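Student: The structure follows.
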Ligand SMILES: Nc1ncnc2c1ncn2[C@@H]1O[C@H](COP(=O)(O)OP(=O)(O)OP(=O)(O)O)[C@@H](O)[C@H]1O
Ligand SMILES: [Mg+2]
């Protein structure tokens, strides 16, 4: 493998990884607060991409407007899902909410099939995204630079929200101890809604960039990236936002590199992540950056 | 005395991160005695139970049961070797009936397993009938025979505590640990409980270690008392000696009380 | 009611079922018979998941994986060697795949045993995990099975899968296995071993304190459940005659989960009733997805609608009737007889 190819693979890995990271943040934030694996998150990711397509083809919105509208609508749907399907189950056994989430996931996926059909849809890409940039011997698509940069900016914004604003303080309080937060007067439900909104917006952003990178939309397109992002969140230590970012990027790079170095195993590409999940859960269930929770007897 | 100790702990220590919940806990329990483990809230009493019964792996130290080292053995092994316990916050099998709760305790010593049950073998049927019979007898011992068919989580508090003891007895222990058995009981029930603990010690040939905040119970039935404070054993001895030990009074009531006394 | 009466009534019910099957084979059309077959298979699958999740509290989402293993093993054993030579066009099958042969019954048992073996192999590492993580990890296992099925063309014929699997799985076999599953699980659940499973579900810590080797018991329940899931998969393969990796996606697990949750976690009766109801509904709703013709005029079908309805139903179920239709209650003859006489009595006087 030449040096140039290695750099190219690394950049591709970084691109894929930052897309995983953006989704993983939503999983990790919700899990941190509610101890719920938001199974429907992968469909939120998918919807973000579909809404842009809808905005472009049905309402003839300009690109930029279509993207903003899609992100806002997707965030609203994320919040709605929590309101309708998870909030009534806050006091129920934990698995009930997970089953509800699985139901929501199938519901959104099939509703999309009803609305858009099950067949893949091509996405038209603006021309300036198509022309590769030559940097020495390395050929990169503009997206390969654009996606990690934008993701990085979004994550910076998130860090600012979580660590520098009052709602962010609320989030951190709830994830430490939800009962006490209620007593201390933290507006728990509003902050949970905000968490779902932010997580969904980031997933939508990821979905839109995904659609530009792999320009084909399918109602089931969220499943595999969603699952891998969940794995990335576990890998990084579920509940930890930096963990989700690091986990996502590492997973993306590992995946691309593994296929690059062992092309024979390309067919097993999707299995890597699942095997990784099982291995992490067994040797370090708290992930790279997670805190250890003792079982009290 | 140590030679006839049922249980001996040597330098048991439990650390949670920076917190040392129990420090250097060494004690021996004479066979057939009733020993009380007391101390203020958070002193580390339950943590001692958890280390003895295998729920926590001690950071340091040893647990010897009948001379055999059981340190770090998983809870089910510890139970098999003859140590049973109850929990401070009652842990019954809530969806199961009272009788089933007791029968589950018998499973440990059951010889026939699932496939004999599936094949309807007579050996299994005989054994399960015997188990049901024994469980009923145990329920009679704790006075729950009338409630055998009720769901465990529908019982009143005191009855739940007694069912936990019956369930522990079903495992045929030689050594029984009771974590605050009188908590939440009314004075009447408490009085009965004291007689009951003495009674089961005799009829089941038990050694009993109990944690209790109710001093009437502790002083009434324990032959030895150990006092923990901040994870350290600050006193040990017969009830009369403990009652007048200044260190104990200080631990429970603070400096001033001692000054006034 | 005495044990003897109960046994007699049970046998009577089995005989009635036999008579019904005999009648159905003569009188019902292929479509109806197919639905009856699916009912039997779905009941087997639901009972197996109920054992794992409803009775032992292990939230497993790996059913599709176990079913795939059962289906592939059984199919390889019952496909004729000539058929296999024709099927494996991408790459020739390994010799042992090519030559493996067994009668249908043995093949189904082998499918179940293979699934159980995998149940033990993945259970040993995974059953240490708590509820939701266990669910995700077992879901991961099911996906791994699928990915291997695609990538091992010399065993599974890759993405093309098998076609023309001999249709041995008729009503007699399917309902026979269904009754067998029902029998085993009822015996198990009513025994003290069943009590132990339920104890682990209710409070794992307390179960440990009772001297129960929780891990071993979980593994037992998981392996038994996997066995019956494998059997269900094997029967399904022979029933639909075609299997490929696309068939064993998460939707399959979802449908079984749906039946178990709707019927009631920890209710055998619930799984049986919901198995019947949901199979019928699933088939009936197929109409929604196919075009409807009024003379020349065509109302187009709506693809995806069926799963929209079903996922909504699951959400409603978990939101408003979490314990399912049966809760943890069970059917018993004394209850049925009691009901019957109460009604008869009211009418009589
Ligand atoms: N699993 C754990 N992780 C962290 N700290 C623990 C754990 N278990 C116990 N502790 C801490 O160890 C200390 C001793 O607790 P323990 O439950 O043994 O007290 P106790 O004497 O039983 O008190 P009480 O009378 O209130 O039951 C407490 O500070 C408690 O918070
Ligand atoms: Mg305590």
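Protein chains in written order, with the working numbering: chain H, 1 to 297; chain P, 1001 to 1261; chain Z, 2001 to 2349.
Each residue gets a CB set at the ideal place from its N, CA and C atoms; glycine is no exception.
Computed from a predicted model, the values in this text were never measured in an experiment.
#1: Which same chain residues, not among the five before or five after residue 1079 of chain P, have their C-beta less than 6 Å away from its C-beta?
#2: What are the partner residues of residue 139 of chain H, as DSSP defines its beta bridges?
#3: By Cβ distance below 7 Å, which residues in the same chain neighbour residue 97 of chain H in space, the five residues on each side in sequence not counted?
#4: Name the DSSP bridge partner or partners of residue 2297 of chain Z?
#5: So, is the C-beta of residue 259 of chain H closer than 9 Å to a C-beta in chain Z?
#6: Run the proximity test for residue 263 of chain H: is its beta-carbon closer than 8 Å to any non-hydrogen atom belonging to ligand 1?
#7: In chain order, what residues place their C-beta within less than 7 Å of a heavy atom belonging to ligand 2?
#8: Taking 7 Å as the limit between beta carbons, can you name the residues of its chain near residue 2349 of chain Z, skipping five residues before and five after?
#9: Report buried or exposed for residue 2339 of chain Z, applying the criterion of at least 16 other Cβ atoms within 10 angstroms of its Cβ.
#10: Since residue 1085 of chain P and residue 1168 of chain P are thought to touch, with beta carbons under 8 Å apart, how far apart are those beta carbons, to the nearest angstrom?
#11: Give the DSSP-derived three-state secondary structure of residue 1083 of chain P in the structure shown.
#12: Using C-beta distances below 6 Å, list every residue in its chain close to residue 2341 of chain Z, excluding the 5 sequence neighbours before and after it, in chain order.
#13: Within the same chain, show all residues whose beta-carbon is closer than 7 Å to that of residue 12 of chain H, passing over the 5 residues directly before and after it, in chain order.
#14: Out of curiosity, what's the CA-to-CA distance linking residue 1138 of chain P and residue 2005 of chain Z?
#15: Need the endpoints of the beta strand (DSSP E) that residue 1008 of chain P sits in, please.
#16: Looking at the strands, I want to know which residues DSSP matches up with residue 1151 of chain P.
#17: Compute the minimum distance between the beta carbon of residue 1022 of chain P and the heavy atoms of ligand 1, and state whether it is under 8 Å.
#18: For residue 121 of chain H and residue 2148 of chain Z, I'd like the C-alpha separation in whole angstroms.
#19: Taking its Cβ as the centre, do 16 or more other Cβ atoms sit within 10 Å of residue 154 of chain H, making it buried, or is it exposed?
#20: Strictly under 9 Å for the Cβ-Cβ distance: is residue 2195 of chain Z near chain P by that measure?
#21: Excluding sequence positions up to five away, which residues of its chain have a Cβ less than 7 Å from the Cβ of residue 1002 of chain P?
#22: First and last residue of the alpha helix (DSSP H) that includes residue 2246 of chain Z?
#23: Could you run through the region 84-107 of chain H and flag, in chain order, every residue whose CB is less than 9 Å away from some CB of chain Z?
#24: Following a CB-centred definition, is residue 36 of chain H positioned closer than 8 Å to any heavy atom of ligand 1?
#25: Please confirm if residue 2151 of chain Z has its CB atom under 9 Å from at least one CB of chain H.
#26: Identify the contact partners of residue 2144 of chain Z in chain H, using a Cβ-Cβ distance below 8 Å as the criterion.
#27: Strictly below 7 Å CB to CB, what residues from chain Z border residue 1117 of chain P?
#28: From the beta carbon of residue 75 of chain H, is the nearest beta carbon of chain Z less than 9 Å away?
#29: Is the separation between the beta-carbon of residue 2237 of chain Z and that of residue 219 of chain H shorter than 9 Å?
#30: Taking the C-alpha atoms as reference points, what is the distance between residue 292 of chain H and residue 2125 of chain Z?
#31: Using 8 Å as the cut-off, classify the Cβ of residue 1056 of chain P as near or not near the heavy atoms of ligand 1, replying yes or no.
#32: Closer than 8 Å: is that where the CB of residue 1182 of chain P sits relative to any heavy atom of ligand 1?
#33: Look at the alpha carbon of residue 1207 of chain P and the alpha carbon of residue 1036 of chain P, and state the distance between them as a whole number of angstroms.
#34: How is residue 2234 of chain Z classed by DSSP in three states: helix, strand or coil?
#35: Taking just the CA atoms, how far does residue 114 of chain H sit from residue 196 of chain H?
#36: With a threshold of 9 Å between beta carbons, is residue 218 of chain H in contact with chain Z?
Tutor: In this structure, then:
#1: 1171
#2: Per DSSP, H:134.
#3: Within the same chain, residue 97 of chain H has close Cβ partners 36, 86, 89.
#4: Z:2294
#5: no
#6: no
#7: Chain-ordered list of matching residues: P:1045, P:1046, P:1088, P:1179, P:1180, P:1211.
#8: Residue placement at residue 2349 of chain Z is flagged as unreliable, the pLDDT there being 41, under the threshold of 50; the coordinate-derived value follows with that caveat. Excluding positions up to five away in sequence, the list is empty.
#9: exposed
#10: 6 Å
#11: strand
#12: Answer for residue 2341 of chain Z: no residue qualifies.
#13: 144, 256
#14: 31 Å
#15: 1005-1016
#16: P:1097
#17: Taking 8 Å as the cut-off, one finds at least one heavy atom of ligand 1 near enough to the beta carbon of residue 1022 of chain P.
#18: 28 Å
#19: Burial of residue 154 of chain H is indicated by the presence of at least 16 other C-beta atoms within 10 angstroms of its C-beta.
#20: Taking Cβ atoms only, chain P reaches closer than 9 Å to residue 2195 of chain Z, which makes this a yes.
#21: At residue 1002 of chain P the pLDDT is 45, less than 50, meaning the model places this residue with poor confidence and gives no usable figure here.
#22: No alpha helix (DSSP H) holds residue 2246 of chain Z; DSSP gives it neither H nor E.
#23: 84, 85, 88, 89, 92, 93, 94, 95, 96, 97, 98, 99, 100, 102, 103, 104, 105, 106, 107
#24: no
#25: yes
#26: 271, 274, 275
#27: 2187, 2188, 2191, 2193
#28: no
#29: no
#30: Reliability fails at residue 292 of chain H, whose pLDDT of 49 lies under 50, so the model's placement of it is uncertain and no value is given.
#31: yes
#32: no
#33: Annotation: residue 1207 of chain P to residue 1036 of chain P spans about 11 Å, alpha carbon to alpha carbon.
#34: Correct three-state label for residue 2234 of chain Z: helix.
#35: 25 Å
#36: no
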